[in-house]
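Participant: As they're listed, the protein sequences go chains L and R. Per numbering that gives the first Met the number 0: the first sequence ends with 129, consecutive numbering throughout. Per numbering that gives the first Met the number 0: the second sequence ends with 340, consecutive numbering throughout. This is the structure I want to talk about, given as structure tokens.
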Amino acid sequence: MPLDPTSTCASLAGGVAVGLGLGYWAARRPWFDLVLWVWAMIPLVVLAVRGWPAGALVAGGLAVAPVVALFVAGEFRTLVAQWNAGRSLCAGEWRIFRRVLLPGAWKAVLQGALIGLIRVAAERALAAVL
Amino acid sequence: MTHARLTRTLPRLPLQVEFSLPSGITAISGPAGAGKSLVLNLIAGFDRPDSGRILVEDALVFDGDTGVNLPPRFRQVGYVGSTDALFAQMTVKQNLMFAAQRWARLERHKRVAEMAERFQLVVVMDLKPAGLAALQALDCAVARALLAEPKVLLLEDRGADEALLEKVRSAFSGPVLVVTNDFDLCYAAADALILIDGGRIVQHGPARETIENPRSADAARLLGIANIFPAEIAGLDPGRNTSLLQCGGFELTAPYLPGHFKGDRVTVAVRAEDVRTHSGELERGTNYIRSALTCTTERPRSVRLEFANGIRAERTREQWVAQRDNRSWQVELPPQALRIF
């Protein structure tokens with residue numbers, strides 16, 4: 000099955016958004032990394048393409064999300080001092096996320112998105128071969 | 000009134016402390032792993048006590064019994080951590096602006112300008128934190144914390160000096176809790192001192208009084224008193240106001256110890272700076288002990304002498320130069336310098 004740029008971009012965007020949220024949540028819960036790793040191991044795109052082709056778009060997003068989340072959670076954990084500083088400055092969590100964490104973790108977001116994209120492409124190729 | 004009663008049990012640290020923070024600077028001091036940073040984290044709200052109560056200027060921010068546990072952003076507790084927590088992608092000015100966000104634009108700029116002036120940050124306002132020297136970064140972190148108008152300021156051990164604490168004192172009238180093991184700084188700039196070890200407060204009181212008059216052997220050890228000996232009371236003479244102490248290999252005459260009996264075990268502490276050294280040929284006086292010099296250690300402005308019976312003395316370089324050729328030695332532990340617990 001060829002890669003459709005529009006659906007791939009939509010999958011990627013959705014996956015990055017979900018991954019960011021998950022990464023933020025997982026950053027303070029290291030045990031959740033295990034769940035993300037297990038989630039990342041499931042070939043969602045392959046399963047979706049073979050069983051429910053219309054669900055490939057959603058499956059692409061769900062395949063990208065844990066990869067982004069793992070990268071982002073790791074990076075957020077290195078920013079815990081800035082995170083706490085923001086909290087003690089009476090800033091809300093959303094403001095800290097937007098002004099402090101996200102600018103400090105943009106490289107991790109890009110890395111996660113790139114690897115997620117490669118993964119979706121590889122799974123689609125695998126699904127086409129199968 | 001800011002008051003903290005905290006219990007928190009970690010695998011290697013059962014923390015149980017209770018103290019009040021009056022306005023002014025309170026230093027908290029203790030060895031690594033004593034629980035100093037944990038106390039700050041609990042007050043700031045980054046960690047949750049198992050039980051207890053925290054009042055920040057009479058506002059309840061944590062109460063274990065009723066389940067009150069305000070998140071850090073609602074506690075109005077300024078926190079300057081042990082690592083540099085300036086926002087790396089922002090300039091110094093943007094960092095300060097972040098803290099002053101709640102004010103209207105004009106007011107915000109005015110407050111930031113005032114704080115920058117007070118902490119001498121005007122020339123570095125457009126620099127990013129990576130371009131700042133360590134002390135400038137600390138000044139910036141403190142200025143940023145104060146811009147949020149906290150009710151209490153918590154300062155981790157980041158090498159704060161007297162000048163910084165004076166700036167804090169001039170800019171902030173509320174309670175400041177600063178972690179430091181620099182007793183010179185405590186003596187010069189702190190109003191109160193808390194000595195903590197193993198999660199327990201060993202001594203708490205006015206800084207100068209605490210440093211000068213430790214009330215226990217543990218406090219003496221935490222204050223870095225070099226000579227601490229177990230002793231047994233060998234004699235008590237209330238008529239002459241003296242007592243005789245047997246300390247292992249030597250005897251000491253000390254002031255009378257009311258409330259003690261002959262045979263009681265006590266601990267004697269003497270600061271190395273209070274120990275005098277003499278030539279062995281001199282006539283012996285009270286608490287003169289013959290001893291052999293085993294080693295010397297150079298200090299920036301003094302020399303530490305260690306004697307065979309475990310006594311340590313600290314002499315200025317001039318005193319050391321005058322005595323270094325002694326063929327034999329006597330150390331003198333003046334009775335008024337002995338602290339007995």
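Using N, Cα and C, we set each Cβ at its ideal position, and we do this for glycine too.
Taking the alpha-carbon of R:V342 as reference, which of R:W328, R:I339 and R:Y287 has the nearest alpha-carbon?
Facilitator: With chain R running from 0 to 340 in the structure shown, residue 342 of chain R is simply not present.
Participant: Any C-beta of chain L sitting closer than 8 Å to the C-beta of R:F61?
Facilitator: no
Participant: So R:M96 packs on R:V79, CB below 8 Å; how close in whole Å?
Facilitator: With a Cβ gap of about 18 Å, R:M96 and R:V79 do not count as contacting.
Participant: Within 10 angstroms of its Cβ, does R:Y255 collect 16 or more other Cβ (buried), or is it exposed?
Facilitator: exposed
Participant: Whole angstroms is fine: what's the gap from R:L304's alpha carbon to R:L235's?
Facilitator: 31 Å
Participant: Might you give, ordered along the chain, the residues of its own chain that have their beta carbon closer than 6 Å to the beta carbon of R:Q318, omitting 5 neighbours on each side?
Facilitator: none
Participant: So with CB distances below 7 Å, who are the chain R contacts of L:G22?
Facilitator: Those within 7 Å of L:G22 in chain R number zero; the least Cβ separation is about 18 Å.
Participant: Sorted by chain position, which residues of the same chain lie with C-beta nearer than 8 Å to R:P205's C-beta, five sequence neighbours on each side aside?
Facilitator: D190, A191 and L192
Participant: Would R:Q88 count as contacting chain L if we go by Cβ distances under 8 Å?
Facilitator: yes
Participant: Can you confirm whether R:P71, when its beta carbon is compared against all beta carbons of chain L, has any partner nearer than 8 Å?
Facilitator: yes
Participant: When burial is assigned at 16 or more other CB atoms within 10 Å of the CB, is R:A115 buried or exposed?
Facilitator: buried
Participant: Going by DSSP in three states, R:A3 sits in which element: helix, strand or coil?
Facilitator: strand
Participant: Any beta carbon from chain R within less than 8 Å of L:R86's own beta carbon?
Facilitator: yes
Participant: Could you confirm whether any beta carbon from chain L is found closer than 8 Å to the beta carbon of R:F171?
Facilitator: no
Participant: Who are the near neighbours of R:L126 in its chain, counting only those whose CB is closer than 7 Å to its CB and skipping five residues on each side?
Facilitator: T90 and V91
Participant: Which complete beta strand (DSSP E) runs does the region 65–152 of chain R hold, if anything under 3 residues is left out?
Facilitator: 76–79
Participant: Strictly under 8 Å for the Cβ-Cβ distance: is R:F97 near chain L by that measure?
Facilitator: Taking a beta-carbon distance threshold of 8 Å, R:F97 counts as an interface residue toward chain L.
Participant: Start and end of the beta strand (DSSP E) containing R:Y287?
Facilitator: Residues Y287 to S290.
Participant: Could you tell me whether the Cβ atoms of R:H2 and R:L54 are closer together than 8 Å?
Facilitator: The Cβ atoms of R:H2 and R:L54 sit closer than 8 Å to each other.
Participant: Just to confirm, are R:S301 and R:V330 a CB contact at a threshold of 8 Å?
Facilitator: no
Participant: Give me the chain L residues within the contact set of R:G80, using Cβ-Cβ distance strictly less than 8 Å, ordered along the chain.
Facilitator: Within chain L, the residues near R:G80 are A80, N83 and A84.
Participant: Who are the neighbours of L:P102 on chain R, taking C-beta pairs under 7 Å?
Facilitator: Q88
Participant: In chain R, which residues lie less than 9 Å from L:A107 when you measure between Cβ atoms?
Facilitator: Those do not exist, as L:A107 stays about 14 Å from chain R at its closest Cβ, beyond 9 Å.
Participant: Per the DSSP calculation, R:V320 is bridged to which residue(s)?
Facilitator: Note: R:V320 sits in no beta bridge, so no partner.
Participant: Which of helix, strand or coil does DSSP assign to L:W30?
Facilitator: Of the three classes helix, strand and coil, the one that applies to L:W30 here is coil, per DSSP.
Participant: Can you find a CB in chain R that lies within less than 8 Å of the CB of L:R98?
Facilitator: yes
Participant: Excluding sequence positions up to five away, which residues of its chain have a Cβ less than 7 Å from the Cβ of R:V67?
Facilitator: L59 and F61
Participant: Quick one: using the 10 Å Cβ neighbour count with 16 as the cut-off for buried, is R:W328 buried or exposed?
Facilitator: buried
Participant: For the alpha helix (DSSP H) that contains L:E92, what are its first and last residues?
Facilitator: E92 to I95
Participant: Thinking C-alpha only, which one of R:S278, R:F73 and R:K35 is nearest R:D156?
Facilitator: Per the C-alpha coordinates, the member of R:S278, R:F73 and R:K35 positioned closest to R:D156 is R:K35.
Participant: What residue range is occupied by the uninterrupted alpha helix (DSSP H) comprising R:T209?
Facilitator: A206 to E211
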